[in-house]
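Report on one structure; see the data block that follows.
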Amino acid sequence: MAAASRYGLSLKQLRELMEHRGREGVARITEYGGVQEIARKLNTTEATGLLGDRSDLEHRRDYFGSNTIPPKPPKTFLALVWEALQDVTLIILQIAAAVSLALSFYKPPKDDEEVLDDSQSHADWIEGVAILLAVVIVVLVTAFNDWSKEKQFRGLQDRIEGEQTFSVIRNSTTVQIQVGEIVVGDILLVKYGDLLPADGLVIQSNDLKVDESSLTGESDMVNKGVAVDPMVLSGTHVMEGSGKVLVTAVGVNSQAGIIFTLLGAAADDIEAEEKKQKKLEKKNKGRDPNQNKSSDNVPETGPNVEEGVGNSHPSHALPNSSGSPPSEAAEAPDMDEEKSVLQAKLTNLAIQIGYGGMAVSLVTVLILSIRFSIDEFFFKESPWDMYYINFYVKFVIIGVTVLVVAVPEGLPLAVTLSLAYSVKKMMADNNLVRHLDACETMGNATTICSDKTGTLTTNRMTVVQAYICNHHYKPDRNCLPKIRDLPSQVGILVTQGISVNSSYSSDVKQESGTSLPVQIGNKTECALLGFVLDLGVDYRQLRREMPDTRFKKVYTFNSARKSMSTIVPIESGGYRVYTKGASEIIMKKCSFLLGDGGKVESFTTAHQDRLVSTVIEPMAKDGLRTISIAYRDFVPGKADKNQVHYDPGTEPNFETMGEDNVIANMTCICIVGIEDPVRDEVPGAIKKCQRAGITVRMVTGDNINTARAIATKCGIIKPGDNYLVLEGKEFNKRIRDPHTNEVRQDLLDKVWPRLRVLARSQPVDKYTLVKGIIDSNISSGREVVAVTGDGTNDAPALKKADVGFAMGIAGTDVAKEASDIILTDDNFTSIVKAVMWGRNVYDSISKFLQFQLTVNVVAVVVAFVGACAIQDSPLKAVQMLWVNLIMDTLASLALATELPTPDLLQRKPYGRTSPLISATMAKNILGQAIYQLVIVFGIMFFGEHLFDIDSGRYADLRAPPSVHFTIIFNAFVMMTLFNEINARKIHGQRNVFTGFFSNPIYYVIWIVTFISQIVIIQWGGQAFSTAKLNVEQWVWCILFGVGTLVWQQVITTIPIGSFGKSMELGSNPPDMSSPCVVEGDSYNNSFSTHHHHPVVGRSGQILWIRGLTRLQTQIRVVKAFRHGVDSVQLNQASSNPNIQRVLQKQASLNKRLSSASSVPTDNQPQQIIATNASNNSHVVQLPTRSHTETAV
C-alpha cells in the first residue's frame, strides 16, 4: 500500500485503465483528472520525464514490473537426448542390438552333440554392447550439438535484445535506452515507423496514427490523440506522425503481455488435454472425444493475471516468448512450410537416397536370410533350433547398418554447422541474419534491388547549393550565404521553416574529438539543420521559442506525400504553414515565390519551368537531392496577396479544410541542393556483383536526374548501354493494362530485364517490380531477388523478396521485422559479403555431399555384394557406424568451416534449378567409388594371397575378428580419409591442397580422425571387430589411401562429355503441392505472409525426412527457438477456458516484448484456429516473427 500511495495509482488501476478504448478510454482518463494528472501521480512530467535515479527506477520495476517477458526455460540436456533417440533408424538399431545382446546370454546348443567353445562365446555380448555404445555416442553428440547451439543462440539473442533502444525523456533530456529498461512513468518519444515497446497514454500527438492489427486484427490505421483515443499498446506500429506517450504498463502487465501470460499458464493444460484426448480416442473410437472432457479437470492457471505481476511476484515462463513447442506434435514438418533453394534440393536428394537405401537394405536382409535358410534347412536339412535366431538377428543388424550408411546422417549436421558458422562470421561482416535460410539463398541471388540513400551513398547529407531570392549559391558549401546576406524576413522564414518544420528528435551535435558533427535522426533534416547552423543561427533556440506543444497541426512525412508540413501560431496573430519536400512536388503547390530582396512574386508555370531547367535539373545532374521550402499564412486581419484571411471571431478548422486545401497556393522560400556522396567502396562492389552474374537495380524516391547521376557514379549504368531509367509513373504506365489498370506480367517482362534505375518510386512500385521479377518465366531459371529497404512501407517488398535486407541504422522497426537480414552498417558492400558467404555455404555443403556420398556408395555396395557373395558384410555394424556417424560428423565440421575466397564471385549463381550434385561432382564420386571398390573387393577376394594371411571369408558367426577383414576396414577408412582432401574441391581444380592450412579446424580434425583410426585398429579388438595390423599392412593401407589423391588427378583429366547432364542429381525440388500454400498476389496480403519457395511434402516423403534423415528439423535452428503455438494443439484445446480467455481478450500476440524472441521454423505466420462454443469458428492470426529474431 505504501508503494501505491507513493504513486497515487496502483498497478491494478493502471491495468484496468488500459483495457478501455476510444471515448470510453477518454472518459476513464477524465475520471482520474486527465493525462497530465495521471503523469503527476506517477511522479513524472511531459517536459522533464523521470529523473533517472537508479533507486527510483528499481522501485518502479519492483512494483510495476520490468519490460520483459520471462522466456520459457530451455530444454534440458536429457530432453534433447530423448529427442535424438526418436530417430527411426537408431530405434531399429537399438532393438536389433538389444536382441543380439539378449541372445548372447541365451546360448542353446545347435544340437545335442555340439557345445559352443567358451573361447568363442565369452565375447558374444561385445558386438551388441558396442552397437549400443555407438548409438549412445551418436545420441550424446547430437544432443550436445543441439544444447550448445541453443546456448549460443540464446547468448546472441540477449546481445541483440540489448541493442534494441528507444527514445525517452529523462531529466529533461532525450536519451536512448534499452527497451528492457523502460519503466512505468517514462515519457516515450514515438515517431513514424516505431514498434511500440510498452502500453501507454498519448500526452501529445502530431497526426499520430497507429496500426493495431497485430492486436485487434483490424488493418485500418487508428488516429491517436489526447481527446480521441489516447491508449496505445505494445507491439503496435506507428504508421504516421509523432508524439509523446506516458508509459502505464510494461512486460507481462501490458495487454500483449497479459496474453502471453494466459497462453503460458494454459500451455501445460493444452499438453495434458492433448494426451488425455489421445487416450480417450483409443478407448472410445467413434465417440466424440469432446464429450469426455470436463471443465472440472482444468487446473488453475497460476497467478491471478487481473491483479498484475511485479518483479516481487514469481516469474512465469511463457512458452511462446522463446518458443519451444509445447508438444512434439509441432515437430512434424508443417504442411505449409516453405523452403529455400538449398533445402528444396536437399529434400529431393534425401528422398531419393532414402528410397534407394531402404530398397538396398531390404534386399540385403532378404538375400542373407533366404540364402542362409535354403542352405541350412533345404540342402543340409537341419531341424529348426532357437540357435538360428542369432543368424537372423545378425542379418537384420547388417540390413539396418546398410540403411544407416545409405542415409547421409552427417548431412544435416553439415548444413547446420555451415549455416551457423557462416551466420556467426557474417555478424563480423555487418550482416545480422534473422532467418537461417536467407544465408544460403543469398548465394543464389541473381538480382539486387537496392535503395540509394545510405546503401549506395554515405547517408551523410550536406547542403552544398541553395537558390534564395533569385540567387543561385554554388558550386559548393563554401559559397553558401550567411544570415546577414539575406533580407531579414527571408532569413526568419528560412531558419524557422527548417528548425520548426522538422522532427525535434533530429539533431546535429559537434562532439569533441570528431571533425564532423554527429547527425542524429533523419539525415535529410540534419542536412537542413546544418544549413541553418551554416547561416549562423542556432536552431535549438528557435525550437525553444516554438516548442512542439504549440503546434496547431502536423502533416508528417510519408512516401505518398513526399513532404512534411507544420502549422504554427504567428506572434502577430494567425497561423503559418511551413512545408518542405521534394522540389518538383512542392513547386506545383506554390503560386508565389520570394524574389529579389524578399519581394513576393507570382510563380507562373513558365517561371516554374525556367526554374526547373536552370536550377533544379543542374543540381540533380550533379547528383544532388533538391528540397524546396515554402510557407503560407492564415491571418485574421488584412491579408496580402499570398495570405489567407479568416474571420477573427472563429479559428480556422484545418481538419475540415483538408490537407490539399491547406497545402496550396504556397509561397516558395528557397530551394536547396543536398549532397549525399557515393560510398568509395560501392563502385567496386557493384563491379564484383556484375562479374558474379548479379544484376544491381537502384530503386529510389529521388528525382530521376539525381538517380541517373548517382547510378552512373556507382557503375549501375554507363553511357550508351541502352538500359532503362524510369520514373514510377512511366514504369506503371508501361506495365499496366490501359483498360483495367491491372499489372500485366507480359508487359512487365518487357520492362524489367533492361530496367536499371526506378526513380520517384512509391513503395508499391518496389513491391510490383520485385513480384514481377520473381514471377517471371522469361529467364532460364527463376530469378532469386534480394531487396533493401528502410521504411515502414518497404515491408511488403522485403517480405516478398527471396532475401530482404533492412537497414540497421536508418531502418524502421517495421522494416527490420519484415526482413531476413539486417545490415548493421547500411552498406551495400555488406550485401556483397552476404553473397560470398551464401555461395560458400552452398559450396561447403556440396563438398560434404561429394565426400559423404562416396563413402555411402562404397559402403552400401560392399555390404550388399558381401551379403550376396560371402553371406556376410566385410564392414561390421560397429565399423560402419564409426565411418558413417562418427567420422562423417567430424568431416562435416571440417568441410563446413572452410572460409570463402574471392574466387566465389568469379562465377555465375548456381540458379534455382541447377543440380545439387553437378556432373563434375558426380564424376568425382563415381570415379573415387570405382577406385575404392576395386581395392576393397581385391582385398576381399584375393587378400589372403596378397598379404599372406588367413582368409576371413565364410567365418563362423562367433569367430574372432580376422586380420583379413581388418585390412579391408582400415584400407576403406584410409581411402575415405584421403578422399576428404579431394572433397575440398568441387569444380575440377587440380591442386586439392590449396588453402589446406588456412583452416586449422580442418587439418586438426583430419589428424584426430587418423589417430583415432590407429587406436581403433590396434586396440579396438572385439568391440570394433578388428585385429592388430603389422607395419607392412599399415603401409599398404596408407598407400591405398594416398592412391586416391593420385587417382583424383586421373579423374580430373577425364572430360565430362555429352553424358554430363545424365550424371547430375538433385536439380529440381520434389513435385509437391498443397492447398495450404497460397501465393498472395495483392500488395496488402503480402504484408502478412513471407513468400519464399513453397515445397510441401507428401506423407511418404515426410516419413523419410522426419524418420530417417531429420533433415528438415536439423536444417532449421534449434527447435527450442520455435515461436508460436501449434494449431493442432489449439484445435484440440478449444474447450480450454484459458485459451478462450486469450481469444476474447485480444486477437494475437506481439513479439517485441519478449526478452528472448524466437527463430521461427518457417517464414509464414502460424494460424491459430479455435472453435468457439457460440460461433462456428473463430480464426485468429498469431504473428510469430520479431525483428530481433536471429538465426544463429
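Heads up, the sequence shown is in numbering that gives the first Met the number 0, so the first residue is 0 and it goes up one at a time. Don't be surprised by glycine CBs; every beta carbon is placed ideally from N, CA and C.
(message) Which of the three DSSP states is assigned to Cys589 in this structure?
(response) strand
(message) Need the endpoints of the beta strand (DSSP E) that Lys243 sits in, please.
(response) His236 to Ala248
(request) Measure the C-alpha to C-alpha separation of Gly573 and Tyr766 and round it to an integer number of angstroms. (result) 43 Å
(request) Tell me the start and end of each unbroken beta strand (DSSP E) in the segment 778 to 849 that is at least 3 residues and wholly inside, in chain order. (result) 784 to 788, 802 to 806 and 820 to 822
(request) Under 7 Å Cβ to Cβ from Ala226, same chain only, skipping five residues before and after it: list those, please. (result) Val25
(request) State the start and end residues of the unbroken alpha helix (DSSP H) segment that holds Asn981. (result) Val962 to Asn981
(message) Tell me whether the segment 958 to 965 and the segment 911 to 925 touch, counting them as touching only if at least three CB pairs, one residue from each stretch, are closer than 8 Å.
(response) no
(request) Would you decide whether Met385 is buried or exposed? Buried here means 16 or more other CB atoms lie within 10 Å of its CB. (result) exposed
(request) Please name the residue in Pro229, Val860 and Phe1023 whose C-alpha comes closest to that of Ala358. (result) Val860
(request) Give the DSSP-derived three-state secondary structure of Pro870 in the structure shown. (result) According to the sequence as given, residue 870 is Gln; it is not Pro. It is coil, neither helix nor strand.
(request) Sort out for me which residues DSSP pairs Asp198 with in a bridge. (result) Ala248
(request) Quick one: residues in its chain with C-beta nearer than 7 Å to the C-beta of Lys473, no 5 flanking neighbours on either side, listed in chain order? (result) Gln464
(request) Taking all protein chains shown into account, decide if Ser241 is buried (16 or more other Cβ within 10 angstroms of its Cβ) or exposed. (result) buried
(request) Rounded to whole angstroms, what's the CA-CA distance from His1122 to Leu435? Just pull it up for me. (result) Caution is warranted here: a pLDDT of 35 is assigned to His1122, below 50, making its placement in the model unreliable, and the coordinate value is therefore given only provisionally. Using only the alpha carbons, I get a separation of about 15 Å.
(request) Compare the C-alpha of Gln203 against each of Val189, Ser166, Ile181 and Asn389 and name the closest. (result) Val189
(request) Verify whether the separation of the beta carbon atoms of Phe653 and Ile716 is less than 9 Å. (result) no
(request) Grab me the residues of Gly7's own chain with a C-beta within less than 6 Å of its C-beta, minus the 5 sequence neighbours each way, in chain order. (result) Lys40
(message) Report the CB separation of Tyr630 from Val671 in whole angstroms; it is logged as a contact under 8 Å.
(response) Rounded, the Cβ-Cβ distance is 15 Å, inconsistent with contact.
(request) Specify the secondary structure class of Arg5 as computed by DSSP and reduced to three states. (result) helix
(message) To the nearest angstrom, how far is the alpha carbon of Val1194 from that of Glu211?
(response) There is simply no residue 1194 to check, as the chain begins at 0 and stops at 1191 in what is shown.
(message) Quick check on the DSSP output: the alpha helix (DSSP H) that includes Val1007 runs from which residue to which?
(response) Pro999 to Trp1018
(message) On the CB-based measure, 16 or more other CB atoms within 10 Å of its CB, does Pro1054 come out buried or exposed?
(response) exposed
(message) What residue range does the alpha helix (DSSP H) around Gln35 cover?
(response) Val34 to Lys40
(request) Over the uninterrupted beta strand (DSSP E) stretch that includes Tyr386, give me the two end residues. (result) No beta strand (DSSP E) holds Tyr386; DSSP gives it neither H nor E.
(request) For Glu174, write down the residues that DSSP places opposite it in a beta bridge. (result) The sequence given here places Val at residue 174; Glu does not occur at that position. Val167, per the DSSP bridge assignment.
(message) Measuring CB atoms only, is the segment 541 to 554 touching the segment 583 to 603, in the sense that at least three cross pairs come out at less than 8 Å?
(response) no
(request) Answer with buried or exposed for Ser487, where buried requires no fewer than 16 other C-beta atoms within 10 angstroms of its C-beta. (result) exposed
(request) Taking only runs that begin and end inside the segment 688 to 766, name each unbroken beta strand (DSSP E) of 3 or more residues, in chain order. (result) 694 to 698, 723 to 726 and 754 to 758
(request) Check whether the Cβ atoms of Lys588 and Thr578 lie closer than 9 Å to each other. (result) yes
(request) Please state whether DSSP places Tyr191 in a helix, a strand or coil. (result) coil
(request) Could you work out which residue in Ile1000, Glu570, Asn839 and Val499 is closest to Met563 when comparing CA atoms only? (result) Val499
(message) Mapping the DSSP letters down to three states, classify His312 as helix, strand or coil.
(response) Low confidence applies here, because His312 scores a pLDDT of 35, under 50, leaving its location unreliable and the question unanswered by this model.
(message) Quick check on the DSSP output: the alpha helix (DSSP H) that includes Lys11 runs from which residue to which?
(response) Leu10 to Leu16
(request) Would you identify the three-state DSSP class for Cys468, choosing helix, strand or coil? (result) coil
(request) With a threshold of 16 other CB atoms inside 10 Å of the CB of Ile569, please say whether the residue is buried or exposed. (result) exposed
(request) State buried or exposed for Asp832, treating a residue as buried only when at least 16 other CB atoms are found within 10 Å of its CB. (result) First, the amino acid is wrong: residue 832 is Lys here, not Asp. The residue is buried, with at least 16 neighbouring Cβ atoms inside 10 Å.
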